[in-house]
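One structure is given below, encoded as structure tokens.
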Ligand code: NAD
Ligand code: MG
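In my numbering, the protein residues as written are 5 to 400.
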């Protein structure tokens with residue numbers, strides 16, 4: 005009998021977390037759900053524990069933990085319930101865990117990602133913000149800990165699938181990469197009317213059902229901006245080696261343009277289960293449960309350059325990448341605050357990029373050292389405070 009891979013899913017109640025469980029459900033002989041975590045949706049997590057009977061689960065507060073314990077005991081479920089941010093780190097680095105799916109949204113996922121990296125886990129990274137906040141520290145932790153870092157973001161998984169297995173050869177192979185983007189729900193909307201956009205309109209993505217934060221990021225194209233920074237670290241590229249191409253059908257998930265001008269692409273239906281299955285099984289391929297691509301029913305594949313007026317966030321990301329260490333951390337914090345304020349109805353859609361640009365201007369390169377997790381979190385907190393102030397000034 006083969007030994008099952010023990011998987012810890014951080015952010016198991018979210019869109020990526022649930023898709024991960026859908027893939028695992030197809031392969032009970034290969035994977036064991038060892039630990040599940042969630043932040044607020046305790047009822048959802050309790051239901052997942054009843055279904056999957058993991059050894060551990062983690063929630064945010066002690067109160068949530070005791071509510072969940074009582075429910076699970078009544079149902080005869082023996083899952084041990086932990087709570088608080090340290091619990092996430094403990095589970096991510098638990099000696100019996102083989103693989104960690106990092107599917108928390110935002111900078112909150114950084115500490116458990118670092119813990120998994122330092123403990124040498126197979127680390128499947130959906131939580132792109134972790135790399136945007138702490139790319140250098142993160143990549144060093146992966147190397148020092150001997151972890152295997154597998155991209156889950158569909159564009160980065162596509163690039164990864166187009167590259168040779170020997171990472172040392174990547175630099176000689178890649179001229180540049182083309183990160184594809186659907187262009188989001190406002191690709192063709194008159195930029196003059198963007199200030200009227202509501203949270204529900206911004207969350208209606210043309211091809212994917214995702215968490216609300218990443219949905220807003222897709223509408224502003226800050227998602228692609230964060231992915232540019234993510235790609236810089238995952239594939240060790242210079243900013244000029246990362247280009248963005250709008251491709252509304254999302255059939256090509258990204259491309260590598262090689263030194264000899266050959267272009268390699270990965271294609272499929274837009275479904276996160278494909279990159280998740282590859283993260284779980286690579287270098288092997290397993291059933292993902294995604295719909296198959298039928299070329300005879302594809303109308304056509306379109307491409308266009310992003311419009312910098314419509315999507316100013318993309319330019320901000322390139323500027324931050326070229327700026328002092330810490331700039332991308334501040335950019336991420338400002339984006340998280342601005343998206344939260346937009347979703348709560350405190351600011352309008354077009355104010356999101358103004359909060360980001362205003363935060364970077366206000367900090368004016370004074371980011372402080374970025375050598376440890378504490379340094380990164382200190383800047384994150386400082387940038388959030390500045391952004392909150394800007395949100396207050398911009399209030400509708
Ligand atoms: P989501 O909002 O659906 O789920 C987020 C999960 O993280 C939930 O389980 C929530 O409980 C947990 N969480 C939220 N805040 C937390 C905190 N402070 N501490 C601990 N846990 C917390 O998000 P999602 O759409 O699944 O996205 C997750 C990550 O994957 C994001 O970084 C996103 O950018 C990335 N991603 C998502 C998709 C997608 O299709 N949804 C695709 C590519 C990349
Ligand atoms: Mg993506």
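Glycine included, every Cβ here is placed at the ideal spot set by N, Cα and C.
Quick caveat: nothing in here was measured; it's all calculated off a predicted structure.
Beta-carbon gap between residue i and residue j smaller than 8 Å
i	j	result
residue 83	residue 58	yes
residue 336	residue 27	no
residue 203	residue 315	no
residue 357	residue 320	yes
residue 257	residue 270	yes
residue 367	residue 390	yes
residue 62	residue 98	no
residue 8	residue 35	yes
residue 262	residue 351	no
residue 213	residue 376	no
The ligand NAD heavy atom lying under 7 Å from the CB of residue i
i	result
residue 251	no
residue 132	yes
residue 217	yes
residue 92	yes
residue 69	no
residue 110	yes
residue 212	yes
residue 332	no
residue 224	no
residue 128	no
residue 72	no
residue 17	yes
residue 344	no
Residue i - containing alpha helix (DSSP H), residue span
i	result
residue 216	216 to 224
residue 275	No alpha helix (DSSP H) contains residue 275, which DSSP labels as neither H nor E.
residue 117	114 to 122
residue 6	Segment: none, residue 6 is in no alpha helix (DSSP H) and carries neither H nor E.
residue 151	Note, residue 151: premise wrong, no alpha helix (DSSP H); not H, not E.
residue 164	158 to 166
residue 73	66 to 78
Given residue i as reference, the closest of the options once Cα atoms are compared
i	options	result
residue 210	147, 270 and 274	274
residue 78	54, 40 and 89	54
residue 463	367, 280 and 313	Within the shown structure, residues of the chain are numbered from 5 to 400, placing residue 463 beyond reach of any answer.
residue 317	106, 232 and 156	232
residue 322	362, 248 and 298	248
residue 15	102, 40 and 298	40
residue 56	350, 72 and 29	29
residue 372	365, 363, 364 and 383	383
residue 68	90, 43 and 60	43
residue 406	191, 287, 105 and 134	One cannot answer for residue 406 here, as it falls past the ends of the chain, which runs 5 to 400.
residue 60	227, 290 and 85	85
residue 150	398, 119 and 193	119
residue 72	50, 80, 92 and 90	50
residue 47	32, 38 and 70	70
residue 107	96, 100 and 80	96
Close beta carbons around residue i, own chain, < 6 Å, minus the five adjacent residues each side
i	result
residue 217	109 and 343
residue 259	182, 267 and 269
residue 283	128, 154 and 156
residue 33	none
Cβ-heavy atom distance, residue i to the ligand MG, below 7 Å
i	result
residue 158	yes
residue 140	no
residue 392	no
residue 291	no
residue 231	yes
Cβ neighbours of residue i in the same chain (closer than 8 Å, five flanking residues each side left out)
i	result
residue 313	195
residue 65	87 and 88
residue 169	287
residue 379	372 and 373
residue 361	316 and 320
Own chain residues within Cβ distance below 7 Å of residue i, not counting five before or after
i	result
residue 45	17
residue 353	198, 199, 201, 206 and 346
Short CB-CB distance (under 8 Å) between residue i and chain D
i	result
residue 241	Of the protein chains in this structure there is only one, and it is not chain D.
Residue i: first and last residue of the uninterrupted beta strand (DSSP E) it sits in
i	result
residue 62	60 to 63
residue 246	246 to 250
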